[in-house]
Amino acid sequence: MPKSNIPPPPPPPPSLKPPPDFEKKEISDKQKEVLDKLKRRPRRRPDWSDMMKEVEQGRKLRHVQCNDRSHPIINSKSITKVKDQFIFETEKATAHNQLLKQIQGGVQLKPTNSTTSQKRVAE
Numbered sequence: 006m007p008k009s010n011i012p013p014p015p016p017p018p019p020s021l022k023p024p025p026d027f028e029k030k031e032i033s034d035k036q037k038e039v040l041d042k043l044k045r046r047p048r049r050r051p052d053w054s055d056m057m058k059e060v061e062q063g064r065k066l067r068h069v070q071c072n073d074r075s076h077p078i079i080n081s082k083s084i085t086k087v088k089d090q091f092i093f094e095t096e097k098a099t100a101h102n103q104l105l106k107q108i109q110g111g112v113q114l115k116p117t118n119s120t121t122s123q124k125r126v127a128e
């Protein structure tokens with residue numbers, strides 16, 4: 006391999022030493038016990054049967070009343086009967102409903118006559 010003119014990388018920086026006045030605090034026996042407990046693995050596997058019994062036993066739930074408003078509200082004020090057909094308050098002829106019916110029916114547009122003699126060129 007040809008040698009390149011790139012110098013070698015610099016050496017890594019020296020490791021940092023703790024300051025001279027740094028001292029580790031002694032930990033109490035109680036703290037050592039807690040650390041040992043945390044480091045040790047649990048010796049027995051968790052007992053899932055107790056948890057499953059608790060789940061299967063169930064809990065007493067409080068009663069919830071459902072307020073279902075999905076069905077149509079029909080009362081005598083909002084409904085009238087004309088020619089054996091029920092007409093709801095919203096179906097009665099109003100200016101708003103007439104306008105909506107005109108929009109739904111559509112409008113016949115007049116044909117347009119072009120005065121230019123140019124025809125469309127297919128691209």
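My numbering numbers the first residue of the sequence shown as 6 and each following residue consecutively.
Where is the CB? At the ideal position from N, CA and C, for every residue including glycine.
L104, DSSP secondary structure in three states: helix
Assigned secondary structure, E61 (DSSP; H/G/I helix, E/B strand, else coil): helix
Range covered by the alpha helix (DSSP H) that runs through Q36: D34 to K44
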